[in-house]
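Peer 1: I am attaching a structure below and will ask some questions about it afterwards.
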Amino acid sequence: MADSTEVPIRESETPTISITVDFYGGLDTLFGKGQHKLAIPAADKSGSPSTIGFLVTHLCETKMNDPRTDLFVLDGHIRPGILVLINEADWELEGEEAYEIQSGDNVVFVSTLHGG
Amino acid sequence: MAPALCAICKTGRALIKRPKNHTKLCKSCFINIFEDEVHHTITSSQLFYPGEKVAIGASGGKDSTVLASVLKTLNERHGYGLELVLLSIDEGIKGYRDDSLETVKKNAVEYDMPLLVVGYDELYGWTMDQVVETIGKKGNCTYCGVFRRQALDRGAKMLGIRHVVTGHNADDVAETVLMNLLRGDLSRLSRSTSIVTGDNKSEVKRSKPLKYSYEKEIVLYAHHKKLEYFSTECIYSPEAFRGSARTLIKQLERVRPSAILDIVRSGEDMARLVPGESASSCGGCKSKTETPVAAPEDDAGGCGSSNGRNPGGEMAAMDKQLRENEEAEGLEVDITKLVLESKNRQKEKQRDSATKNGGGNPKPTTRQVLGKCQRCGYMSSQDTCQACTLLEGLNKNRPQIQI
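As they're listed, the protein sequences go chains L and E. Quick note on full-length UniProt numbering: the first sequence kicks off at 1 and runs consecutively. Quick note on full-length UniProt numbering: the second sequence kicks off at 1 and runs consecutively.
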């Protein structure tokens with residue numbers, strides 16, 4: 001896979017997968033609304049299947065409309081204290097950032113960081 | 001990858017990985033065990049008596065919403081005979097509290113509980129918006145915290161209730177333990193780890209039934225039970241120190257999830273070493289020792305540290321495993337361990353005799369004596385309570401600001 005980095009993929013030809021992403025616990029305000037129906041690229045720039053790690057970066061680049069990105073991502077990873085559910089299951093059971101996203105997946109981000 | 005199955009029912013798809021012991025559970029087994037563990041905390045600490053009127057400090061946030069839901073469930077399931085009331089404090093912060101109070105009102109209807117809202121304006125003549133207008137954002141959390149603590153007491157008194165439960169969770173307690181440790185404030189550390197503060201002699205006692213519940217599990221419980229809660233950070237800047245402690249705790253949890261309950265337990269163990277604090281509800285209970293429990297305050301059911309490891313025996317099993325691992329290590333370790341153990345035994349003896357002597361403890365200096373504020377008449381350990389002291393400063397400033 002690594003040697004395919006040199007091959008540019010044209011945007012128009014990039015296949016996409018449809019997923020829904022939900023934000024709760026205050027994260028909804030960072031992304032404008034709670035639920036997003038998205039068509040994300042099926043593969044990242046290097047041609048590897050899109051993972052949760054890729055999705056997180058993708059969300060920051062395309063959907064975040066708040067300058068406080070550190071409330072969602074710290075040092076390139078999901079901020080500790082934000083729960084990630086993949087089809088309702090804790091992402092720790094699904095391989096975390098390495099999980100390869102499937103068409104129709106539901107990914108939920110819930111912040112536990114907000115007070116009452 | 002094939003979906004993992006629930007460790008308890010062996011049939012449901014595992015959706016939750018428990019932070020305290022990595023057990024994988026399905027939704028319904030998770031909800032059951034979460035409720036069972038809170039029930040265990042309540043019964044082993046004898047938090048309530050039948051027929052007791054209890055006010056739930058309700059903010060509309062995740063913790064108090066889950067607390068209200070779980071208490072209602074357990075009260076019905078186990079016949080606690082509690083009369084539950086929601087008590088909310090309106091700090092007077094537009095765009096923050098007024099929205100979350102709407103959530104509390106919905107909860108009151110859904111859980112069929114009476115609701116009392118008491119406002120800072122009626123109690124103190126100041127809303128937090130006005131306080132911040134006067135003193136600025138810096139340090140406003142101090143005012144809000146001091147006012148809220150007393151407002152809960154006053155609200156409870158208005159309701160004729162002597163017991164307020166709050167939604168403080170294991171992460172909150174761990175955070176407070178760390179903060180007090182970093183401040184060098186051992187006596188406050190001791191009080192902050194107690195599951196109950198105040199006793200039958202004080203006008204209003206406080207307890208934290210979710211003290212051993214992970215914040216992560218509270219949020220998952222709310223999510224899987226589809227409980228409606230409100231989550232917006234206070235619009236005024238949070239305490240920087242608490243924020244740093246919080247970030248640290250969350251980062252530790254990521255690397256070692258058991259760290260949170262371990263910090264809580266360390267806090268309890270340290271609390272036992274604070275002179276004069278042994279009379280607090282958590283003070284004398286044995287968490288790590290294997291000696292039979294005989295301290296007088298254990299007829300209160302013991303407190304938390306034993307609860308922390310009892311549910312399902314998982315924590316006890318883990319302790320045992322850790323001990324066995326240690327024993328399996330080399331001889332050098334054994335020698336140091338023997339020395340340590342004999343030292344520990346000596347300490348244990350001293351502690352036991354100190355506990356038995358009870359009131360004869362010669363060092364009561366760090367124990368706060370509860371009296372009454374000479375101005376407002378509410379519980380205070382000083383002549384003038386913190387709320388009155390802060391109000392005095394505010395009231396002095398008001399005319400200057402207005403002119």
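Note that beta-carbon positions come from the ideal geometry of N, C-alpha and C, so glycine has one too. Quantities reported herein were computed from a predicted structural model and do not represent experimental measurements.
How about E/Val219 and L/Gly25: are their beta carbons less than 9 Å apart?
Peer 2: yes
Peer 1: Among the candidates E/Arg188, E/Arg162, E/Pro19, whose CA atom is the shortest distance from the CA of E/Leu273?
Peer 2: E/Arg188
Peer 1: Measuring CA to CA, which of E/Leu116, E/Val264, E/Glu175, E/Cys234 is closest to E/Val164?
Peer 2: E/Leu116
Peer 1: Below 9 Å between beta carbons: does that hold for L/Val107 and L/Ile17?
Peer 2: no
Peer 1: Let me check understanding here. Comparing Cα to Cα, which of E/Phe30, E/His22, E/Asn180 lies closest to L/Leu93?
Peer 2: E/His22
Peer 1: Distance check for E/Leu84 and E/Ser64, CA to CA, integer angstroms please.
Peer 2: The alpha-carbon atoms of E/Ser64 and E/Leu84 are separated by roughly 13 Å.
Peer 1: Per DSSP, which one or two residues make a beta bridge with E/His163?
Peer 2: Answer is E/Lys205.
Peer 1: Just to make sure I have the definition right: I need the residues of chain L whose C-beta is within less than 7 Å of the C-beta of E/Ile16. Which are they?
Peer 2: Asp90
Peer 1: Are E/Ile260 and E/Lys20 closer than 9 Å when you measure CB to CB?
Peer 2: yes
Peer 1: List, from N- to C-terminal side, the beta strand (DSSP E) runs of 3 residues or more that fit wholly inside the stretch 60-123 of chain E.
Peer 2: Within the stretch 60-123 of chain E, the complete beta strand (DSSP E) runs of at least 3 residues are 83-90, 115-119.
Peer 1: For E/Ile31, name the three-state secondary structure that DSSP assigns.
Peer 2: helix
Peer 1: Closer than 7 Å by beta-carbon distance: list the chain E residues that pair up with L/His36, in chain order.
Peer 2: In chain order: nothing, as chain E lies at least about 18 Å away.
Peer 1: For E/Gly61, would you say it is in contact with chain L, using Cβ-to-Cβ distances shorter than 9 Å as the test?
Peer 2: yes
Peer 1: Look up E/Thr389 in the DSSP assignment and say whether it is helix, strand or coil.
Peer 2: Judged by DSSP in its simplified three-state form, E/Thr389 adopts helix.
Peer 1: Quick one: which residues of the stretch 72-87 of chain L get their C-beta closer than 7 Å to a C-beta of chain E? List them in chain order.
Peer 2: Pro80, Gly81, Leu83
Peer 1: Name, please, each residue of chain E whose Cβ falls closer than 8 Å to the Cβ of L/Gly26.
Peer 2: Taking the beta carbon of L/Gly26 as reference, the chain E residues within 8 Å of it are Ser231, Thr232, Glu233, listed in sequence order.
Peer 1: Is it true that the stretch 139-152 of chain E meets the stretch 104-114 of chain E, where meeting means three or more beta-carbon pairs spaced less than 8 Å apart?
Peer 2: no
Peer 1: Does the beta carbon of L/Val110 come closer than 9 Å to any beta carbon on chain E?
Peer 2: yes
Peer 1: Between E/Pro3 and chain L, is any beta-carbon pair separated by less than 9 Å?
Peer 2: yes
Peer 1: Counting only C-beta atoms, is E/Glu314 closer than 9 Å to chain L at any point?
Peer 2: Residue placement at E/Glu314 is poorly supported in this model, since its pLDDT is 47, which falls under 50; the coordinates still yield a value, given next. Answer no: the Cβ-Cβ gap between E/Glu314 and chain L never drops below 9 Å.
Peer 1: For E/Gln382, which three-state DSSP category applies?
Peer 2: coil
Peer 1: Given 8 Å as the limit, is there contact between the stretch 181-195 of chain E and the stretch 100-114 of chain L, that is, 3 or more CB pairs closer than that?
Peer 2: no
Peer 1: Give me the subset of the stretch 120-154 of chain E whose CB atoms are less than 9 Å from a CB atom of chain L, sorted by chain position.
Peer 2: If the cut-off is 9 Å between Cβ atoms, the stretch 120-154 of chain E has nothing near chain L.
Peer 1: List the whole-angstrom C-beta distance separating E/Glu228 from E/Lys106, where the pair is believed to meet the contact cut-off of C-beta under 8 Å.
Peer 2: 6 Å
Peer 1: Is the beta carbon of E/Tyr214 less than 9 Å from the beta carbon of E/Ala170?
Peer 2: yes
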